[in-house]
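Under the numbering used here, the first residue of the sequence shown is numbered 31, with each subsequent residue one higher.
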Amino acid sequence: MADSRTELYASQLSQLIQKETVSGETRADRAKFIEFQGLLRDMFPHVFRKCEVEYFEGSFLMRWKGTTDSDPVMFMNHHDIVEAPGEWKYPPFSGTVAEGKLWGRGALDTKNGLWAMLRAADELCAEDFEPKRDVYFFSGCNEETTGAGADNVSRILKNRGIRFHFVLDEGGMMVYDPIGGADGTFALVGLGEKECVELKFIARSRGGHAATPGRDTPLVRLGKFMAAVENSDIFKADISPVVGEMFARFATKMKQPLKGVLGHPRLFKDTIIRSVPGVSEDAEAMLRTTIAFTMAQGSGGINVLPQEAWVIGDMRCSHHQGSKASIEAIKNLADKFDVDVLVLSRGFASPISSHESPAFELVENAVEKVFPGVITTPYIMTGASDCRFMSRISDNCLRFAPFKITLDQLDAIHGVNENVDVEALAPAVDFYRFMMTNC
Numbered sequence: 031m032a033d034s035r036t037e038l039y040a041s042q043l044s045q046l047i048q049k050e051t052v053s054g055e056t057r058a059d060r061a062k063f064i065e066f067q068g069l070l071r072d073m074f075p076h077v078f079r080k081c082e083v084e085y086f087e088g089s090f091l092m093r094w095k096g097t098t099d100s101d102p103v104m105f106m107n108h109h110d111i112v113e114a115p116g117e118w119k120y121p122p123f124s125g126t127v128a129e130g131k132l133w134g135r136g137a138l139d140t141k142n143g144l145w146a147m148l149r150a151a152d153e154l155c156a157e158d159f160e161p162k163r164d165v166y167f168f169s170g171c172n173e174e175t176t177g178a179g180a181d182n183v184s185r186i187l188k189n190r191g192i193r194f195h196f197v198l199d200e201g202g203m204m205v206y207d208p209i210g211g212a213d214g215t216f217a218l219v220g221l222g223e224k225e226c227v228e229l230k231f232i233a234r235s236r237g238g239h240a241a242t243p244g245r246d247t248p249l250v251r252l253g254k255f256m257a258a259v260e261n262s263d264i265f266k267a268d269i270s271p272v273v274g275e276m277f278a279r280f281a282t283k284m285k286q287p288l289k290g291v292l293g294h295p296r297l298f299k300d301t302i303i304r305s306v307p308g309v310s311e312d313a314e315a316m317l318r319t320t321i322a323f324t325m326a327q328g329s330g331g332i333n334v335l336p337q338e339a340w341v342i343g344d345m346r347c348s349h350h351q352g353s354k355a356s357i358e359a360i361k362n363l364a365d366k367f368d369v370d371v372l373v374l375s376r377g378f379a380s381p382i383s384s385h386e387s388p389a390f391e392l393v394e395n396a397v398e399k400v401f402p403g404v405i406t407t408p409y410i411m412t413g414a415s416d417c418r419f420m421s422r423i424s425d426n427c428l429r430f431a432p433f434k435i436t437l438d439q440l441d442a443i444h445g446v447n448e449n450v451d452v453e454a455l456a457p458a459v460d461f462y463r464f465m466m467t468n469c
């Protein structure tokens, strides 16, 4: 039975990957999303017949009516994807099944999750199962760009007076030894997201000929400033309760002395903050605000000093320092190099949900049932997802995709050769079935 499920499931997900849905904002882009949704309707007829469906310029919302008036639940996964440049082992929109894997853009981000949640619901509808709570499904078409679809739908649902018992979106997955030294597989459930702030740093001068440059020209000042950011401690490090719980759960599979140190994050807070940067960049990013310099421009000529040069910084703000204080800290440093700071955009501040809630416990129970031996672990997402907007309408916003992956597969997300193990498909459906029948 498992083999027949795997073959069918891989064939269905392959069809979804073959339908290119790269993010975009034009009418033509929306047309391809609508075509993709037609494929979903054909693939999952039972759940689409059972649900009320609303469409929002390429995004869609479904409601599966429950038997009680208890607060509803929501399952989410976006259907837009990023572009697929580079040399792929198999064409990125072929949906090739080979080497025990299904290859293509969206195999992990996140057509796999969208397929699995709708497949689980379709099977349950075919079995005449009726949920106790209303079950909503949402899929955005612009998560990889603006997130406008989720932003809009969350406002609409808020205006309707709807609050959700929990929301489950993409996020962490199941990986072995996610930090280095943790001899076990962990299901990483994101409970919050760092706010994203886009900044432009500008250095100015009178310009002139490159033959007589003088000192501290705009690009030099920007270079000194960026080096100072990398070598300074302007962003405060701290261990939040969620991250502390993450370390403690990692410690259960570690050997001494790491086991003793990470197992007591409050007692060894300073030691952990000093040591984590050398162990895990991902874990370090959960401790403080970070900034990455991603774009730059100088003059238009090779022999011309720029009158204005700039770099763009992508800043992800920690919850304990926040965007206001993080911006102030980097502005104070920029002033020392005569660099101006312009805030281009500020993201959506996502609060942190509790790892002690019934919603988190339900995810733990589902993981234990479907993936015995895997340890469910809370963490803070360093990237952004559509789920952040749903904090308007739920106190329990959880971010987890029920797929076991390797670190190489994790690195392939937004890179080349994105793939998912075909043997991971049936357990993912079972996870969603458990969540829907036990919520």
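Built from N, CA and C at the ideal position, the CB exists for glycine as well. Owing to the predicted nature of the structure, the values given are computational and were not obtained by experimental measurement.
Supposed contact pair residue j and residue i - C-beta distance, whole angstroms, cut 8 Å
{"i": "residue 67", "j": "residue 90", "result": "6 Å"}
{"i": "residue 407", "j": "residue 276", "result": "5 Å"}
{"i": "residue 167", "j": "residue 154", "result": "Actually they are not in contact, since the Cβ atoms of residue 167 and residue 154 sit about 12 Å apart, beyond 8 Å."}
{"i": "residue 346", "j": "residue 301", "result": "Rounded, the Cβ-Cβ distance is 24 Å, inconsistent with contact."}
Nearest-angstrom Cα separation, counted from residue j out to residue i
{"i": "residue 31", "j": "residue 456", "result": "Unreliable placement is indicated for residue 31, whose pLDDT of 40 sits below 50; the coordinate value is still reported in the next sentence. Whole-angstrom Cα-Cα distance: 10 Å."}
{"i": "residue 427", "j": "residue 235", "result": "48 Å"}
{"i": "residue 341", "j": "residue 392", "result": "45 Å"}
{"i": "residue 244", "j": "residue 294", "result": "54 Å"}
{"i": "residue 152", "j": "residue 325", "result": "45 Å"}
{"i": "residue 368", "j": "residue 240", "result": "21 Å"}
{"i": "residue 424", "j": "residue 173", "result": "19 Å"}
{"i": "residue 390", "j": "residue 333", "result": "60 Å"}
{"i": "residue 398", "j": "residue 405", "result": "8 Å"}
{"i": "residue 328", "j": "residue 443", "result": "32 Å"}
{"i": "residue 319", "j": "residue 34", "result": "47 Å"}
{"i": "residue 11", "j": "residue 252", "result": "There is no way to answer for residue 11, as the model of the chain reaches only from 31 to 469."}
{"i": "residue 298", "j": "residue 450", "result": "38 Å"}
{"i": "residue 403", "j": "residue 290", "result": "22 Å"}
{"i": "residue 288", "j": "residue 262", "result": "27 Å"}
{"i": "residue 463", "j": "residue 158", "result": "13 Å"}
{"i": "residue 352", "j": "residue 268", "result": "12 Å"}
Own chain residues within Cβ distance below 8 Å of residue i, not counting five before or after
{"i": "residue 203", "result": "138, 217, 218, 430, 431, 432, 433, 434, 435 and 440"}
{"i": "residue 74", "result": "148, 149, 151 and 152"}
Residue from the options whose Cα sits closest to the Cα of residue i
{"i": "residue 104", "options": "175, 198, 313 and 71", "result": "198"}
{"i": "residue 376", "options": "356, 228, 285 and 262", "result": "228"}
{"i": "residue 246", "options": "405, 339 and 123", "result": "339"}
{"i": "residue 179", "options": "36, 212 and 416", "result": "416"}
{"i": "residue 414", "options": "449, 364, 43 and 200", "result": "200"}
{"i": "residue 171", "options": "183, 149, 322 and 108", "result": "108"}
{"i": "residue 81", "options": "93, 146 and 445", "result": "93"}
{"i": "residue 116", "options": "447, 469 and 230", "result": "447"}
{"i": "residue 322", "options": "311, 409 and 469", "result": "311"}
{"i": "residue 242", "options": "336, 400, 124 and 370", "result": "336"}
{"i": "residue 454", "options": "351, 346, 146 and 412", "result": "146"}
{"i": "residue 77", "options": "260, 156 and 42", "result": "156"}
{"i": "residue 438", "options": "71, 114 and 207", "result": "207"}
{"i": "residue 212", "options": "278, 132, 190 and 231", "result": "278"}
{"i": "residue 374", "options": "382, 343, 135 and 465", "result": "343"}
{"i": "residue 237", "options": "230, 226 and 249", "result": "249"}
{"i": "residue 48", "options": "101, 79 and 121", "result": "121"}
{"i": "residue 265", "options": "363, 283 and 54", "result": "363"}
Cut-off 6 Å between Cβ atoms - residues of its own chain near residue i, not counting five sequence neighbours on either side
{"i": "residue 380", "result": "222, 223, 418 and 421"}
{"i": "residue 313", "result": "209 and 306"}
{"i": "residue 395", "result": "none"}
{"i": "residue 467", "result": "none"}
{"i": "residue 97", "result": "160 and 162"}
Bounding residues of the beta strand (DSSP E) (the contiguous stretch that carries residue i)
{"i": "residue 376", "result": "370 to 376"}
{"i": "residue 461", "result": "It is not in any beta strand (DSSP E) - residue 461 instead sits in the alpha helix (DSSP H) that spans 455 to 468."}
{"i": "residue 470", "result": "Because the chain is modelled from 31 through 469, residue 470 falls outside the range shown and cannot be assessed."}
{"i": "residue 201", "result": "196 to 206"}
{"i": "residue 230", "result": "225 to 234"}
{"i": "residue 450", "result": "449 to 451"}
{"i": "residue 105", "result": "103 to 106"}
{"i": "residue 132", "result": "131 to 133"}
{"i": "residue 345", "result": "338 to 347"}
{"i": "residue 408", "result": "405 to 411"}
{"i": "residue 119", "result": "Neither: residue 119 is in no beta strand (DSSP E) and is coded neither H nor E."}
Extent of the continuous alpha helix (DSSP H) run through residue i
{"i": "residue 156", "result": "141 to 156"}
{"i": "residue 301", "result": "299 to 305"}
{"i": "residue 276", "result": "271 to 281"}
{"i": "residue 184", "result": "178 to 189"}
{"i": "residue 391", "result": "388 to 400"}
{"i": "residue 285", "result": "Counting along the chain, residue 285 falls outside any alpha helix (DSSP H), and DSSP gives it neither H nor E."}
{"i": "residue 359", "result": "352 to 365"}
{"i": "residue 256", "result": "248 to 260"}
{"i": "residue 78", "result": "75 to 80"}
7 Å Cβ shell around residue i - same chain, five flanking residues per side excluded
{"i": "residue 127", "result": "40, 44 and 452"}
{"i": "residue 51", "result": "62, 63, 66, 109, 110 and 111"}
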